[in-house]
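Below is one structure; the comments refer to it alone.
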Amino acid sequence: MMHLTGSWTAAGPPEPRIGSGLGYPALRALGECPIEQTCSLRQEQWIMGRSPSSSSSSRELFPRGTRPPLPLCRWSGVLPVLPVLPVLPVLPVLSVLSVLSVLLGACDPYARWPDPAEVFPWSYEPLAGLEPYEEVRFETDTWEPLVDAYETAQYVIKSLEHRKDAPIEELQHFGLSRPPPIVAGHPLLSFVGDLMVMDDFAPSYAAGVAPLLDGGLRIGNLETPVSPIHPTDPSELVVEYGLYAFNAPLSILDALPLDVLQLNNNHALDLGDEGLEQTYKSVSGRGYVPIGFGGNRVQAALGELEVALLSYTWGINGAPESRYDLAVVPFGHLEAGLDLDRIRDEIAEARADGSSHVVLLLHWGFEYEYWPDPHFMRLARRMVRYGADVVVGQGPHVAQPAEVCAVNQPLAIPGIGQCSVRTDDGEQRNAAVLYSLGNFGTDLDGLPLEVGIVGSVSLDPEGGVSGVGFEPIARVATDEGVVLAPLVDLATDPVDGEAYAEEALRLDRLLGTSWRRTR
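Under the working numbering, the first residue of the sequence shown is numbered 75, with each subsequent residue one higher.
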């Protein structure tokens, strides 16, 4: 792994960037430079001052000073040796030490933990009686669009009707889960979902939601090529690149309130390697830091913290040949034992390089489904065990719930309503999993697709996360073109206000309100 020539430096924001931040994003991409002529560009990021320090900490789900006492030791294994205690004085020293070791070893703070295979998300009753369209899931590395006409037709129906239900255990789980809100004063990260190709967008279409992205580091997924040497009209693209090929004009990058744009997703090679190279140039030339091409890791200095970003994708549409490594991990394969060794090893490498926090950017999940399949919840727990502090998903094109996982906290017993894992290092922390943020601009119709969320995660300076937050946004057509707006501001719209209000209530029911931010 190499540093790019000229690390990302912190300087004034390239015009016309907008938004505000709390941190100090000195960014640098790690990996081989994919396009030699662009590597000498001086990449600029916005300095908004160092994030304020705080001595408070919320590393544990049970706040310090208010936690109940540790559970009683598991004495059942000790009962057989209790009759021996009166004769201890006459036992040889070796026997005394043996008995003491049994007594001490029996005090296991994890004694009440069940076998993970016996609790959710490993154990649950799958949904029955699904419609054919609800069972269609293409998001694997082997998907070939339009090969099976029947499945393709069902997928079109799914894009209109959506899969809205989940196993009862999952509904109970998120119903009981209460993600803690962000902690004021802690370094903050802001995330948005899929920025897709759009027609007729206004010149500053994201200006209305820029204040919601108040993190010191702001990250989104660019799910379209931005190649100035290729046509943007779909009728021209379809002849050479197929029905699902995207390309957006350069102006889609104007005034985005973002610092980092993820490039490795299923649309990365819509226009082949040449289109990806052009997209890289477009993104880096506009002052954003690309991730997922020429390396899937970016380092960010956020106040006193060193944050590693690692990006992965479930696959590439049509699985075309490419000379580039786009960090494909076939998350959509439902069979047990999915190989996550690359993610595990790259998390360990980031830690070894001094990263205080590790963030995974995952293009994964099943499209048009309101709840993450338990399969992805199991994968998330594995990645948290490997050392991830934040797991952020995009790809389903609808918002999905989030949860905070307790790490090495014996009182947080895993099962319905509680994500909890153990690691070999024994260090206590919390980790955040945001399964899907929905869209950050799209031509897809229907309020659940037009609406996405801005996700926020506050980082505990001692390690892990201290809280999470979300604020819904929506795509809106105006006389000037398509813009993004806070959903709360649209509830008073004289024409569509009622529909927007109903959508806000649906999101509250889906996501919960413990972590919803209000201003």
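Cβ coordinates follow ideal geometry from the N, Cα and C atoms, glycine included.
DSSP-derived helix/strand/coil call for residue i
i    : result
V221 : coil
P488 : coil
E524 : helix
T371 : What sits at residue 371 in the sequence shown is Arg, not Thr. In this structure, R371 counts as strand in the three-state DSSP scheme.
V313 : helix
L144 : Here the model assigns L144 a pLDDT of 41, short of 50, so the residue's position is not dependable, and the following value carries that caveat. Of the three classes helix, strand and coil, the one that applies to L144 here is coil, per DSSP.
P195 : coil
I326 : helix
A258 : coil
S588 : coil
G377 : coil
E441 : coil
Q610 : Any question about residue 610 goes unanswered here, given that the chain covers just 75 to 593.
Y318 : coil
A476 : strand
I231 : helix
Buried or exposed (CB count within 10 angstroms, at least 16 for buried), residue i
i    : result
T353 : buried
S532 : buried
G249 : exposed
G586 : buried
L144 : For L144, the predicted model reports a pLDDT of 41, less than 50, meaning its position is unreliable and no value from the coordinates is stated.
V569 : exposed
Y315 : buried
P188 : exposed
G571 : exposed
R583 : exposed
L245 : exposed
D499 : exposed
L345 : buried
T552 : exposed
P206 : exposed
I242 : exposed
L434 : buried
Residue i: first and last residue of the uninterrupted beta strand (DSSP E) it sits in
i    : result
P305 : Element bounds for P305: n/a, residue is neither H nor E.
F265 : L262 to L269
R549 : V539 to T552
E503 : According to the sequence provided, residue 503 is Arg. The question's Glu does not apply to it. It spans R503 to L511 - the beta strand (DSSP E) in which R503 sits, taken as one unbroken run.
G467 : V464 to Q468
H236 : Counting along the chain, H236 falls outside any beta strand (DSSP E), and DSSP gives it neither H nor E.
H407 : Here H407 belongs to no beta strand (DSSP E), and DSSP marks it neither H nor E.
S278 : Counting along the chain, S278 falls outside any beta strand (DSSP E), and DSSP gives it neither H nor E.
N295 : L291 to L296
Residue i - containing alpha helix (DSSP H), residue span
i    : result
A454 : P448 to Y460
D419 : D415 to A426
F248 : I242 to L250
S356 : G346 to G359
A578 : G571 to L585
L561 : L561 to L564
Residues near residue i in its chain [Cβ-Cβ closer than 7 Å; skip 5 each side]
i    : result
L521 : A573 and E577
D274 : G555 and V556
T306 : N321, A322 and P323
Cβ-based neighbour list, residue i, same chain, cut-off 6 Å, excluding 5 preceding and 5 following
i    : result
R459 : V495 and T497
A322 : V271, T298 and V300
E441 : P470 and H471
S264 : L287, G289, R292 and S530
S278 : A329
A575 : A565
P302 : L324
R593 : none
C493 : E477 and C479
R211 : F440
E420 : L384
Same chain, Cβ closer than 8 Å to residue i, neighbours up to 5 away in sequence not counted
i    : result
S429 : Q373, E380, V381 and A382
query = Does the segment 488-500 come close enough to the segment 234-242 to have 3 or more Cβ pairs within less than 8 Å?
reply = Contact between the segment 488-500 and the segment 234-242 is absent: fewer than three C-beta pairs spanning the two stretches fall below 8 Å.
ask   = Counting pairs of beta carbons, one from the segment 468-485 and one from the segment 499-515, are three or more of them closer than 8 Å?
value = Counting Cβ pairs under 8 Å, three or more are found: they touch.
inquiry  = With a threshold of 8 Å, are at least 3 pairs of Cβ atoms found where one atom belongs to the segment 192-209 and the other to the segment 402-409?
reply    = Fewer than three pairs of CB atoms, one per stretch, sit closer than 8 Å, so the segment 192-209 makes no contact with the segment 402-409.
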